[in-house]
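For reference, the structure discussed in these notes is given below.
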Amino acid sequence: MEYTSGATSWQKVLRRAAAGLLPRRPRQRRPGWSIGVPLIAAAAGLLFTTTATTAGGTALREDRRPQLNQLIEDRREQVAASERRAATLRGEVEQRTNTLAGSDAPIKAQQNRAQGSLQDAGFTALSGPGVTVELNDAPQLDQTQSDASNDDLVVHQGDVQAVVNALWAGGAEAMSIMNVRVLTTSAVRCVGNTLLLHGRVYSPPFKIVAIGDPAALQQALASSQGVRLFKDAVDDYQLGYKETASTVRVPAFEDSTALRSATVPK
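Taking the numbering used here, the leading residue of the sequence shown gets 1256, the next gets one more, and so forth.
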């Protein structure tokens, strides 16, 4: 009886299952997914808002080089205006100093002392025999030089420094780069293929002029390892190197003369 009854009960269960009458098993919720969806949606909204704010109504991939060029040009005009203002103020100071020197003996003595040091300090223009060196980038990548990189085709900071140091070592009495007077304390810096000197930017070709014995200066250039390496690159990659001896002129130093340090002479 129990077996028959059990069989009957199992038959009923099977029939109810076939008929789809059994209660369905409730699905388990995934709390992590239900919480993650709103968080992802919120993050996406925040990203879209940030992007729109950054773009400022313009395309993010918009070419902004014209804006950068205009910014550089504006800064150059500001620097030029500041330099003109500084030159005017220096002229006023010099004029008032000359006026006081006419009635004040100590000021007159110090003025004479300063005048005697102007040439040695580089504050007067000079002319005389010397050497001019011109460095230039390669005109373009030669197809036969497939192993050349962009760095091989431009003048680097070390190249300019090699020429400058060789000329000083050769006994240069005065020197200018791009018609700007340089002193032994002047720093030569290159940014990309442009030259940065006393806050001004110059593009190649870079012209270096030195006053001194032409034979000694040219011998110093020939003996410089850095200059020889650049001449090798001239042969390999068509970089520009030009060296001439003639009567040259270098301008006076016109940069800021503000003191950064000083000592009292004994």
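Note that beta-carbon positions come from the ideal geometry of N, C-alpha and C, so glycine has one too.
Assigned secondary structure, A1465 (DSSP; H/G/I helix, E/B strand, else coil)
strand
As a quick exercise: from A1296, I1295, E1332, pick the residue whose alpha carbon is nearest that of R1220.
Nothing in the structure corresponds to residue 1220, since the chain is present only between 1256 and 1521.
On the DSSP bridge assignment, give the partners of E1389 in chain order.
Its beta-bridge partners are K1462, K1497.
Between the CA atoms of A1429 and L1438 - distance to the nearest angstrom:
8 Å
Can you check whether the CB of N1448 is closer than 8 Å to the CB of D1418?
What sits at residue 1418 in the sequence shown is Val, not Asp. It is not a contact, given that the beta carbons lie outside the stated cut-off.
Look up M1430 in the DSSP assignment and give the residues it is bridged to.
V1437, A1465
Quick one: using the 10 Å Cβ neighbour count with 16 as the cut-off for buried, is L1484 buried or exposed?
With fewer than 16 other Cβ atoms within 10 Å, it is exposed.
Helix, strand or coil at G1383 according to DSSP, with G and I counted as helix
In the structure shown, G1383 sits in a strand (DSSP, three-state: E or B).
Note down the Cα distance separating Q1398 from G1371, rounded to an integer number of angstroms.
Bear in mind that a pLDDT of 49 at Q1398, under 50, signals an unreliable position, so the model cannot answer this.
Are the CB atoms of Y1492 and A1403 nearer to each other than 8 Å?
yes
Which word fits G1300, buried or exposed, when buried means at least 16 other C-beta atoms lie within 10 angstroms of its C-beta?
exposed
Could you tell me the distance, in whole angstroms, from the CA atom of S1441 to the CA atom of H1453?
8 Å
Please list, in chain order, all residues of the same chain as G1425 whose beta carbon is under 6 Å from its beta carbon, the five residues on each side excluded.
A1471, L1472, A1475
So, using beta-carbon positions, are V1388 and E1498 closer together than 8 Å?
yes
Can you have a look at A1342 and say buried or exposed, based on whether 16 or more other CB atoms are within 10 angstroms of its CB?
exposed
For A1465 and W1423, I'd like the C-alpha separation in whole angstroms.
A1465 and W1423: Cα-Cα distance of roughly 8 Å.
How many Å lie between S1218 and R1330 at the Cα?
Lying outside 1256 to 1521, the shown extent of the chain, residue 1218 is not represented and no answer is given.
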